[in-house]
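Participant:
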Amino acid sequence: MNRFILVIIIFCFIECRKVSETFEPIEDAIIYSADKQKNNPQPLNEIKLMSWNIRFGIGRSNWFGDACGLNTIFDKNIVDSTLNLITEKINKENPDILMVQECDVNSKRTSYVQEINFILNNTQFNYAYYGPVWQSQFIPSHGLGKMDMGIVIFSKWKLENAKRISLPLRSDQSAAEKYFYLRYCMLQVELNIEGFKSVKLFNVHSVAFSSDDTKKRQYDFIKNEFDKIKSDGGYFACGGDFNTLPSNSIKKDYCIEDMCEGEKFHDTENKHKEGSNYLGEDDGFNQLFYNYNSSLSLEKYSQNESVYFTHTTRHPNNKPDRRLDYFFTNYQWIQGTDTTYQDAIKFSDHAAISVKLKLPK
Amino acid sequence: MKKTKIFILFIIFFVFTNKIIFADSLNVYSFIQKTAFTNQAKQFNKSLWEPYSYGINKRIELQSFLLGNLLMPNISVKINLIKKNNFYLSSQHSINYFTPWLKFWQGNGTGAIISPETDIPKLFLIENGIFVSYLINNKLLISSNLNMTLALGTKINRLYSIDMPIIYNRFAPAFENAVFSLKTNLQGKITKRFNYMATFDYYYINSNQFSNFIETSIIGVFAKSTRFKFCLGPKLVYGQYPFGNQINILPYFNIIFNGSIKSKKTR
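Residue numbers (this note's numbering), protein chains in the order written: chain A, 19 to 379; chain B, 7 to 273.
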């Protein structure tokens, strides 16, 4: 802790500007466009949505922040080669809209690779809309240094009214930790295609490691945003990493699976590992299932859970062991188009998911 | 606790060590370390951010960051080579062993600014430079300094560099090749109690990717007495960091303390 105080004193001397971004409740998203525009035809009746937490392009590497890893900084070659595999998969599935979580744009840990530009220039997408989640001049912890990570909506077509909407913050951290920590958000854009009604598209990344009621507050907040659109007679489709399990999952406690060497859980001192115990999270998240259409219904999920898993921390065979990623809409999914790409977990700690949305007329 | 002890030692060192003889009058310069001047024999100069400098004799001065020696053993010698009319020329030679300093900042958890996964090898920073100063008149002094800094030892992988203003360019030799710097400053008197210094420092890092850094400042110096001076001013820093170009405006504050060590009187 003393070393931390020293770092803060150094900052006082060397930085006049804000060290870490804190964000307004609603801000304009940052817009990117591909270096070379690609010709994409307008959709006929439906669009294909894909959501993928790409783990900032480090694949299955042992990052210190999860998976019991030791490494903090990754070489450009590792990041570039992972992004190549990720873009290959994206091109193979050819979604119209891609919702990405954990995308680095100028972070030391990924050798300052501009991942949004990389994906834009190696896929069919023409535009990207970025909402930063973790933006700091310098994070004085584990040698993380400069950080700029967030969520992105990639699109073949130009979208409108792109907004970054802040989600409620964790309340179980010290002020210093909170200041330098991730500020989760949702990203909202409007898809306006001639001949169809406007659809608001959301990308969500909710908190992973909170031990208080932050998840519930975030799910309530998200539902409230959806409710507003519904009550105005509008349409939305949302994809993202919600960091919780379907309420009817057989297993909800992954402390032992996620346990690192030397750790101990389920005793009197260390009850649960942060981010690995999903018990008690149903209340808020269920409201999304009950009020809106999920691309994967709870009934379908319960018939064969494992084929819908999208995440693992360190499964030895790189097989996902839990479902954390979802799509919701207040309109209609095309039946039978919900897909979980479990093979894609080789390139991240999440599998990609996709579904086709019927466009409202 | 360890840091508190260091702080107390620092205060004791600053306030109670040495017997002080007041200097006769304010010099035109406030920052002797930035000039070709050397301290007179037994005279010293200390400040928060500049090294402690001590005059061995009329021509030779030793410099060291005294507290810094705990984590970064360092010594520097400045030798006055030419002193002709108003023109001064000196050379400066420094050696720094900064492996312990880098290791101090390395680790897991909060406060660590260097990632734990890299090995920090034994590294010495060797710095050699030439100073020239020209006293334009009693109120104005111009000084320039050309420096080359090299690291002896195995370089640290540049992935783990500390990409912060002020720090990056000073420690770049540990990650990159040689660093060359050309620093110029103008120091002058305004009134009896007010001095000023304007600086323009250019750093060239001999590397494939990132190369130029500029630091410029205008600093006001208030002389509380002939011993104590307080300095304040803005510093503009431009740098080509691994993540791109960045400009920072930083506050500069310093306290300068000078005097001389009194010789014991003998009967």
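Cβ atoms here follow ideal geometry from the backbone N, Cα and C, with glycine treated the same way.
Taking CB distances under 7 Å as the criterion, tell me whether A/Asn80 reaches chain B.
Facilitator: Cβ-Cβ to chain B under 7 Å: no for A/Asn80.
Participant: In the DSSP assignment, the beta strand (DSSP E) including B/Thr222 goes from what residue to what residue?
Facilitator: B/Thr222 -> beta strand (DSSP E) spans 218 to 229.
Participant: Under a three-way DSSP split, which group does B/Ile162 fall into?
Facilitator: Coil.
Participant: Assuming A/Gly3 contacts A/Ser366 under a Cβ cut-off of 8 Å, what Cβ separation, rounded to an integer in Å, is found between them?
Facilitator: Past the boundaries of the shown model lies residue 3 of chain A; chain A is included only from 19 to 379, so the question cannot be answered.
Participant: Expressed to the nearest angstrom, what Euclidean distance is found between the alpha-carbon atoms of B/Phe28 and B/Ser223?
Facilitator: Unreliable placement is indicated for B/Phe28, whose pLDDT of 32 sits below 50; the coordinate value is still reported in the next sentence. Distance between the alpha carbons of B/Phe28 and B/Ser223 is about 29 Å.
Participant: In the structure shown, what three-state DSSP assignment does B/Asp30 receive?
Facilitator: Because the pLDDT at B/Asp30 is just 35, under 50, the model does not fix this residue reliably, and the point stays unresolved.
Participant: Contact criterion: CB-CB distance below 7 Å. Does A/Phe156 meet it with respect to chain B?
Facilitator: Yes - at least one Cβ of chain B is within 7 Å of the one on A/Phe156.
Participant: Taking Cβ positions only, does A/Ile91 come closer than 7 Å to chain B?
Facilitator: By this cut-off, A/Ile91 is an interface position.
Participant: Determine, using beta carbons only, whether B/Asn260 comes closer than 7 Å to chain A.
Facilitator: No - not a single Cβ of chain A is within 7 Å of the one on B/Asn260.
Participant: Using a Cβ-Cβ cutoff of less than 8 Å, which residues in the same chain neighbour A/Asn336 once the five nearest sequence positions on both sides are dropped?
Facilitator: Excluding sequence neighbours, A/Asn336 sits near Arg78, Thr330, Ile363, Lys364.
Participant: Below 8 Å, can you find three or more Cβ-Cβ pairs linking the region 34 to 52 of chain B to the region 149 to 159 of chain B?
Facilitator: Verdict: yes, contact present.
Participant: At a CB distance below 7 Å, what residues from the region 189 to 219 of chain A approach chain B? Give them in sequence order.
Facilitator: So the list is empty, because no residue satisfies the distance condition.
Participant: Along chain B, in chain order, which residues have C-beta atoms closer than 9 Å to that of A/Gly298?
Facilitator: What A/Gly298 touches in chain B: nothing, since even the nearest Cβ is about 28 Å away.
Participant: Kindly indicate the opening and closing residues of the beta strand (DSSP E) around B/Val138.
Facilitator: Note, B/Val138: beta strand (DSSP E), 130 to 143.
Participant: In the DSSP assignment, the alpha helix (DSSP H) including A/Tyr308 goes from what residue to what residue?
Facilitator: Note, A/Tyr308: alpha helix (DSSP H), 300 to 309.
Participant: Using the C-alpha atoms, what's the distance from B/Glu56 back to B/Ile101?
Facilitator: Roughly 15 Å separates the two Cα atoms.
Participant: Out of B/Tyr140, B/Leu256, B/Asn144, B/Leu131, state which residue places its alpha-carbon closest to the alpha-carbon of B/Ile162.
Facilitator: Among B/Tyr140, B/Leu256, B/Asn144, B/Leu131, the Cα nearest to that of B/Ile162 is on B/Leu131.
Participant: Tell whether a beta-carbon distance below 7 Å holds between A/Lys246 and A/Gln305.
Facilitator: Contact: no.
Participant: How about B/Ser53 and B/Asn191: do their beta carbons lie closer than 7 Å?
Facilitator: Cβ distance not < 7 Å, so B/Ser53 and B/Asn191 don't count as in contact.
Participant: Of all the CB atoms in chain A, is at least one closer than 7 Å to the CB of B/Ile119?
Facilitator: Closer than 7 Å: yes.
Participant: Is the Cβ of A/Ser320 closer than 7 Å to any Cβ of chain B?
Facilitator: Chain B, which has no Cβ nearer than 7 Å to the Cβ of A/Ser320, makes this no.
Participant: Note down, in chain order, every chain A residue with its Cβ under 7 Å from the Cβ of B/Leu165.
Facilitator: What B/Leu165 touches in chain A: Ile91, Asp93, Ser129.
Participant: List the residues of chain B whose Cβ lies closer than 8 Å to the Cβ of A/Leu88, in chain order.
Facilitator: Pro122, Glu123, listed in chain order.
Participant: Keeping to the same chain, check which residues put their C-beta closer than 6 Å to that of B/Ile88; ignore five residues upstream and five downstream.
Facilitator: The residues are Leu95.
Participant: Would you kindly check if the distance between the Cβ of A/Val170 and the Cβ of A/Gly121 is under 7 Å?
Facilitator: First, the amino acid is wrong: residue 121 of chain A is Cys here, not Gly. In contact: A/Cys121 and A/Val170 (Cβ atoms closer than 7 Å).
Participant: Short check: CB of A/Asp300 to CB of A/Ser324, under 7 Å?
Facilitator: Not in contact: A/Asp300 and A/Ser324 (Cβ atoms no closer than 7 Å).
Participant: According to DSSP, simplified to helix, strand and coil, what is A/Gly280?
Facilitator: Here A/Gly280 sits in coil by DSSP.
Participant: Within 8 Å, do at least three Cβ pairs link the region 90 to 98 of chain A to the region 46 to 60 of chain A?
Facilitator: In short, these stretches do not touch, since the Cβ pair count stays below three.
Participant: Just the C-alpha distance for A/Ser38 and A/Gly163, rounded to the nearest angstrom, thanks.
Facilitator: One C-alpha to the other measures close to 11 Å.
Participant: Let me see if you follow: with CB-CB separation under 7 Å, is A/Ser315 close to chain B or not?
Facilitator: Chain B, which has no Cβ nearer than 7 Å to the Cβ of A/Ser315, makes this no.
Participant: Can you check whether the C-beta of B/Met154 is within less than 7 Å of a C-beta belonging to chain A?
Facilitator: No, B/Met154 does not count as interfacial toward chain A.
Participant: For A/Asn389, go through chain B and note every residue whose CB falls closer than 8 Å to its CB, in chain order.
Facilitator: Absent from the structure is residue 389 of chain A, since the part of chain A shown begins at 19 and ends at 379.
Participant: When the cut-off is 7 Å and only beta carbons count, does A/Gly161 lie next to chain B?
Facilitator: Yes, because at least one Cβ of chain B sits closer than 7 Å to the Cβ of A/Gly161.
Participant: How about A/Ser313 and A/Phe345: do their beta carbons lie closer than 7 Å?
Facilitator: Cβ distance < 7 Å, so A/Ser313 and A/Phe345 count as in contact.
Participant: Given that A/Lys164 touches chain B, what residues does it touch there, using C-beta distances under 7 Å?
Facilitator: In chain order: Asp169, Phe249.
Participant: For chain A, check one thing: does any of its Cβ atoms lie closer than 7 Å to the Cβ of B/Thr116?
Facilitator: So yes, B/Thr116 belongs to the interface.
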